[in-house]
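J.:
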Amino acid sequence: MKLTGLLVVAGLLLAPTVASAAPADRGGGCTTTTSLGRVAGTANAALCVYSGIPYAAAPVGDLRFKPPQPVQPWPGTFQANDNTKVCPQFRDRMTEEYPDDKDIYTDEDCLRLNVWAPRTPGRHPVVVFDHGGAARFGTGNEPRYNGTNLAKTGDAVVVTVNYRLGLLGWGEFGGLDPAYQGSGNNGVRDQIAAYEWVQAHIADFGGDPRNVTAVGESEGAFSLSAMLATDNPQRLFHRVVLQSGTGYMTHSPELQQSFASRLKGLTVDQLRAMSPRNLLDLQEKLIGESSIGGAIYFGPAIDGQLIKRPVIDAVEAGNARGIDLLVGSNKDEIRYFAQFDPSILQMGQQQYAAFFPKPLFPQRDKMIASYKADRPGESDSDITLAMMNDQTFRVPATRLAAAQNKWAKAYVYQFNWAAPGGLGAIHASELGFVFGTMSFTGVPAGAEAYKANPWPLRWLSANMQSAWTSFARYGDPGWSRYQESSRVTRIWDTWSRTVRAPHEAERALWDGYRFPALSLNI
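Here it is, written out as structure tokens:
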């Protein structure tokens, strides 16, 4: 690690790790003027914090199920101090955090973003975060996404984004009414609108619109990877960090076109007339009880309009040329779902067959045998979950990195820290480390591990924050680029290290599969 990186890490370890709310404005200094109007935030010694700024018009009335529309200028000064605008959803008490105690969120006027801006002169790199939650849950307002520590670490402007969820943002209604063709990608369009807002206005908050890094986790990463396949993604951001999500989960055209048949005779007019609560009830009825099925029911889709081809095809062809990439996954992603369905920990190859790629079935037995040989002593369920992890997260990440490295710099990481007595290095367990909030929501035994011995975890968090913000500022996280000849990978743990080609024999088994798009019958 460079000397500057060590100094940053040392400073982080001495500073409080859990971000607190900014104190009241001590005499101004956090009011800025944009072309939309004046915006007033809240000041503390180091940052200005702006909460709930609208980046698009409220998608209500005639705008429900429609692409986002420009927000109109406002009179006077907009008071950016409300972080309770959460897009409609049922509260997920197990794996998400919220800014208040509501059980149900029904306010569709939610296309808002939050900004943490350093109170120092000059143009700062910009980090924009797109949250996860299976396109059904979550918000950029979650306390674990508080941008205070990340903004201070990188002397960067940090932005978190809300976008429409569930049927409101991802329901494809073109089969019911041609006027709504492509509505299934409105959640992606919302996020694109947020990046367009950043390009137009972030300079008014001290950010550099020429140095924007997009960061997404889970659904946010799936959305960002899908943006790499849209027209001219370079206009939106210059670097991208994909945490546990790549274009493999983009829905196929066939899956997208089948959506209308699941609505059992409902019309768009009937759907538009429903209350948000009734739409949420319908949504959950459509999804059913499968935790894995619910995780992939909504998502970006190849629709021939916004996203015209599989992400990997677009990236290989240079559609995202010039956009540096940092991409990775967690060692035990799939075990996350055991919080909803403990039987997943006993999943065998028979159940896995429904998710296994059909083109690889002729060599499936060989693949199982190879995984067993590489993991002596592990149970059949362990082998099954390892294969699912590679299929869904690790191998698509390395495939995307190898493709993008021909057109820009690409880096790969794997997050391995696991709380003793927990489920492993599961999906989303890196989030509290990246933001420095040390939140362990959805990470069983994580809070207990931190309480018992916080210093190694604070050191891990400090190093990850330093790497993420170094990538945002310079395009270099601190280790070598990912190339097919070496496959250099950064392993994040209390003993972090850089290795070559981890579990290469397992990764190579997937070489014959293209990871085109999701086409499961859900």
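In the numbering used here, each number is its position in the sequence shown, counted from 1, plus 860. A virtual CB, placed ideally from N, CA and C, is assigned to each residue, including glycine. All values reported here derive from a predicted model rather than from experimental measurement.
(1) Go ahead and pull the three-state DSSP assignment for Ser1189.
(2) By Cβ distance, which residues of its chain are closer than 8 Å to Trp1328, with the 5 residues on each side in sequence left out?
(3) For Gln1274, count neighbouring C-beta atoms within 10 Å of its own C-beta (all shown protein chains included) and say buried if the count is 16 or more, exposed if not.
(4) Report the partner residues of Pro978 according to the DSSP bridge assignment.
(5) Ordered along the chain, which non-local residues of its own chain (more than five positions away) have a Cβ less than 7 Å from that of Ala1365?
(6) Can you check whether the CB of Met1087 is closer than 8 Å to the CB of Ile1062?
(7) Apply the 10 Å Cβ neighbour rule to Pro930 and answer buried if 16 or more other Cβ atoms are within range, or exposed otherwise.
(8) Using only the alpha-carbon positions, how far apart do Val920 and Asn941 sit?
(9) Measure from the alpha carbon of Ala1270 to the alpha carbon of each residue in Ile1183, Arg1333, Cys970 and Gly1066, then state which is nearest.
(10) Can you list, in chain order, the residues of its chain with a C-beta nearer than 6 Å to that of Gly1164? Leave out the 5 residues immediately preceding and following it.
(11) Name the DSSP bridge partner or partners of Tyr1273?
(12) Starting from the C-beta of Tyr1384, find all residues in its chain whose C-beta is less than 7 Å away, skip the five residues before and the five after it, and write them out in chain order.
(13) Put Asn941 into one of helix, strand or coil per three-state DSSP.
(14) Give the C-beta separation of Val1072 and His1098 to the nearest angstrom, bearing in mind that I take them to be a contact with Cβ-Cβ under 8 Å.
(15) Closer than 8 Å by C-beta to Pro1280: which residues in its own chain qualify, once you throw out the five before and the five after it? Chain order, please.
(16) What are the start and end residues of the alpha helix (DSSP H) that includes Phe989?
(17) Can you name, in chain order, every residue of its own chain whose Cβ lies under 6 Å from the Cβ of Ser1143, other than the five neighbours on each side?
(18) Alpha carbon to alpha carbon, what distance is there between Arg1341 and Met861?
(19) Whole-angstrom Cβ separation of Gly1047 and Ser1083, contact assumed at under 8 Å?
(20) Identify whether Gln949 lies in helix, strand or coil by the three-state DSSP scheme.
(21) Along the alpha helix (DSSP H) that carries Asn1071, what are the first and last residues, could you check?
(22) Nearest-angstrom Cα distance between Arg953 and Asp1050?
(23) For the beta strand (DSSP E) containing Gly897, list its first residue and its last residue.
(24) State buried or exposed for Gln1251, treating a residue as buried only when at least 16 other CB atoms are found within 10 Å of its CB.
(25) Measure from the alpha carbon of Thr1297 to the alpha carbon of each residue in Gly1007, Trp1355, Ala1180 and Gln1094, then state which is nearest.
(26) So, do the stretch 1197-1206 and the stretch 1150-1160 have three or more beta carbon pairs nearer to each other than 8 Å?
(27) Going by Cα to Cα distance, which pick from Leu896, Asp922 and Val946 is closest to Phe938?
(28) In the DSSP assignment, what residue or residues form a beta bridge with Val1359?
(29) Can you tell me whether Ile964 is helix, strand or coil according to DSSP?
(30) Find the nearest neighbour of Thr999 within the set Val1017, Leu1220 and Pro959, judged by alpha-carbon distance.
T.: Per the coordinate set shown:
(1) strand
(2) Val987, Leu1010, Gly1014, Val1075, Val1101, Leu1186, Val1294 and Pro1337
(3) buried
(4) Leu907
(5) Ser1230 and Asp1234
(6) no
(7) exposed
(8) 22 Å
(9) Ile1183
(10) none
(11) Gly1188 and Arg1350
(12) Shown here, the chain extends from 861 to 1382; a query on residue 1384 therefore has no answer.
(13) strand
(14) 6 Å
(15) Ala1305 and Ala1309
(16) Unbroken run through Phe989 is the beta strand (DSSP E), His984 to Asp990; no alpha helix (DSSP H).
(17) Sequence check: residue 1143 is Gln here, not Ser. Excluding sequence neighbours, Gln1143 sits near Gly1026 and Leu1027.
(18) Unreliable placement is indicated for Met861, whose pLDDT of 43 sits below 50; the coordinate value is still reported in the next sentence. So the alpha carbons of these two residues sit roughly 15 Å apart.
(19) 7 Å
(20) strand
(21) Looking at the DSSP string, Asn1071 is not in any alpha helix (DSSP H); the run it does join, the beta strand (DSSP E), is Gly1067 to Glu1077.
(22) 25 Å
(23) Gly897 to Ala900
(24) buried
(25) Gly1007
(26) yes
(27) Leu896
(28) Thr1349
(29) strand
(30) Pro959
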